[in-house]
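First residue of the sequence shown? That's 51 in my numbering, and the numbers climb one at a time after it.
For every residue, glycine included, the Cβ atom is placed at its ideal position computed from N, Cα and C.
Structure, as structure tokens:
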Amino acid sequence: MTNQDHLAGCRAETLAIRAGLNRSHNAETSEALYMNSGFVFDSAEQADAAFSGDVDRYLYGRYANPTVTMLEDRLRVLEGAEVCRATASGMAAVFAAMASYLESGDRVVAGATLFGSSLHILTKILPKWGVHVDLVPPADLDAWQKALSTPAKLVFVETPTNPTLDIVDLAALSRLAHRAGAKVIVDNVVATPVLQRPMDLGCDVVVYSTTKHLDGQGRTLGGAVLCDAAFDKDFLQPFLRHTGPCISPFNAWVVVKGLETLSLRVREVSRTAQTLAERLEALPNVTRVAYPGLASHPSHAVAKSQMRDGLFGSVLSVEVAGGRPAAFAFLNALQIVDLSNNLGDAKSLSCHPCTTTHRVLTPEAREAAGITEGLVRVSVGLEHVEDLWRDLERAAGAAAGALRQAA
Ligand SMILES: Cc1ncc(COP(=O)(O)O)c(C=O)c1O
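Listed below in structure tokens is the structure:
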């Protein structure tokens, strides 16, 4: 790799552009895209040495690729982790982090509010393999304390949660988990490494869907797992090598370039989201705005202490009076914000979690998590704040109209 010593002490904005850069003999400025699946050897002896592990070099695209390595090195440095492994999607990262580590008979304690597919893994797939899973309301430290008073192997949480924006106190949870013998995995998709570094708070493993803010322009699917060298060597790397959920080099290249603007984008969308959340909260037919930057958020103080620079991310949820008909009227009235279940795009996106992203949950589980029929999630993008406000205010007006009609 190009020597990186000159980057010691550099800030995240510089590292997001410079870390991991490995120029070829052609001395290109931008990171090169190595769009190949295999590698050639000079001799049978060289192949023998490479496969025995005596020589460290690229062997096969399922194991590693130079463009993918640049993404992994850049993200690893931004997260402050020893190792990063990129994957084909966020769900591949979530699944690999759990499945590589767990064995039949293990116990997992997880936040009850999670992305629907993560909950599917925890409640449908892992139990089939003899793993016992307990779910805990994510912001309730007493409930975590109780659940972790008996031994566990793994704790899995999102914070802020998608779509209810609950906050888990990561430092306190890590202490409880470690006392119970569990490693803590954090899905850091909503916060990004710009606003929150769970490993600094004692957590063990961080997972991303790079599909979201790390790409940032809705182009590619990808994921990443960040951990220490021992977890990688003993569990993660062998699992990934042999099961093969590797990211395409092209997708890795897009995300490498996305990381260069991550800090600028995340800061800007966080400022816009804060303004929109404050204004939405004042509308008469809005019954709840979930955004950790609001003083009314029940865990605002924890969010402020564990997230950075007084910024709280791009995702907010707004509950309108009138249930599903009002929420649908809100979504159908949007003219700038697109209807999409994705998040973390330059384009603002909105969806009805009940009938899309969190459809796989039972109605009781949705109710318990606060994913109500009137809840609409907004992923705030990079459009001008006043244009977005005009769109959201009109949508809230349409929701009020639907409520009046139903009365
Ligand atoms: C919080 C969270 N984790 C994980 C995922 C899964 O990511 P992917 O769609 O890249 O598999 C998503 C979104 O889809 C998400 O919102």
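{"Item": "Segment contact, 8 angstroms Cβ cut-off, at least three pairs: the segment 106-113 with the segment 253-263", "Value": "no"}
{"Item": "CA-to-CA distance, residue 304 to residue 92, given in whole angstroms", "Value": "31 angstroms"}
{"Item": "Contiguous beta strand (DSSP E) assignments of at least 3 residues, all confined to the segment 226-278", "Value": "233-237, 255-259, 273-277"}
{"Item": "Residue 144 CB to nearest heavy atom of ligand 1 below 7 angstroms", "Value": "yes"}
{"Item": "Reference residue 372, options 358, 454, 155, 417, closest by Cα", "Value": "454"}
{"Item": "Sequence-distant residues of its chain with Cβ nearer than 6 angstroms to residue 70 (five each side left out)", "Value": "120, 123, 124"}
{"Item": "Within 8 angstroms, strictly: CB atoms of residue 210 and residue 157", "Value": "no"}
{"Item": "Outcome for residue 55 when other beta-carbon atoms lying within 10 angstroms are tallied against a minimum of 16", "Value": "exposed"}
{"Item": "Validate contact between the segment 396-415 and the segment 281-301 using beta carbons, cut 8 angstroms, 3 pairs", "Value": "no"}
{"Item": "Own chain, CB closer than 7 angstroms to residue 439, minus 5 neighbours either side, in chain order", "Value": "326, 329"}
{"Item": "Ranges of the alpha helix (DSSP H) found wholly within the segment 374-455, counting only runs of at least 4", "Value": "413-419"}
{"Item": "Exposed unless 16 or more other CB atoms sit within 10 angstroms - verdict on residue 155", "Value": "exposed"}
{"Item": "DSSP three-state assignment for residue 95, whether helix, strand or coil", "Value": "helix"}
{"Item": "Proximity test, residue 366 beta-carbon vs ligand 1 heavy atom, cut-off 7 angstroms", "Value": "no"}
{"Item": "Opposing strand residues paired with residue 110 [DSSP bridges]", "Value": "88"}
{"Item": "Cβ-based burial, residue 452 [other Cβ within 10 Å; buried from 16]", "Value": "buried"}
{"Item": "Whether residue 135 touches residue 286 by CB criterion (8 angstroms)", "Value": "yes"}
{"Item": "According to DSSP, residues forming a beta bridge with residue 134", "Value": "276"}
{"Item": "Residues of its chain near residue 195, where Cβ-Cβ distance is below 7 angstroms and the 5 sequence neighbours each way are ignored", "Value": "226"}
{"Item": "Heavy atom of ligand 1 within 7 angstroms of residue 311 beta-carbon", "Value": "no"}
{"Item": "Alpha carbon of residue 331 to alpha carbon of residue 444, nearest angstrom", "Value": "15 angstroms"}
{"Item": "Option in 148, 191, 198, 185 with minimal Cα separation from residue 176", "Value": "148"}
{"Item": "Ligand 2 heavy atom lying under 7 angstroms from the CB of residue 240", "Value": "Judged by which ligands are present, ligand 2 is missing from the structure shown, whose ligands are ligand 1."}
{"Item": "Residue 254, buried or exposed, once every other Cβ within 10 Å from all chains shown has been counted against 16", "Value": "buried"}
{"Item": "Burial state of residue 102 (16 or more Cβ within 10 Å)", "Value": "exposed"}
{"Item": "Sequence-distant residues of its chain with Cβ nearer than 7 angstroms to residue 437 (five each side left out)", "Value": "386"}
{"Item": "Neighbour-count burial assignment, residue 58, 16 or more Cβ in a 10 Å radius", "Value": "exposed"}
{"Item": "Cβ-Cβ distance between residue 161 and residue 105 below 8 angstroms", "Value": "no"}
{"Item": "Residue 290, enclosing alpha helix (DSSP H) - first and last residue", "Value": "287-293"}
{"Item": "Spatially closest choice to residue 166 from 220, 131, 412, 447, by CA coordinates", "Value": "412"}
{"Item": "Unbroken beta strand (DSSP E) run spanning residue 184, endpoints", "Value": "182-186"}
{"Item": "Heavy atom of ligand 1 within 7 angstroms of residue 148 beta-carbon", "Value": "no"}
{"Item": "Ligand 1 heavy atom lying under 7 angstroms from the CB of residue 212", "Value": "yes"}
{"Item": "For residue 168, three-class secondary structure by DSSP", "Value": "helix"}
{"Item": "Strand pairing of residue 199, partner residues [DSSP]", "Value": "Its beta-bridge partners do not exist; DSSP assigns none."}
{"Item": "Span separating the alpha-carbon of residue 88 from that of residue 131", "Value": "28 angstroms"}
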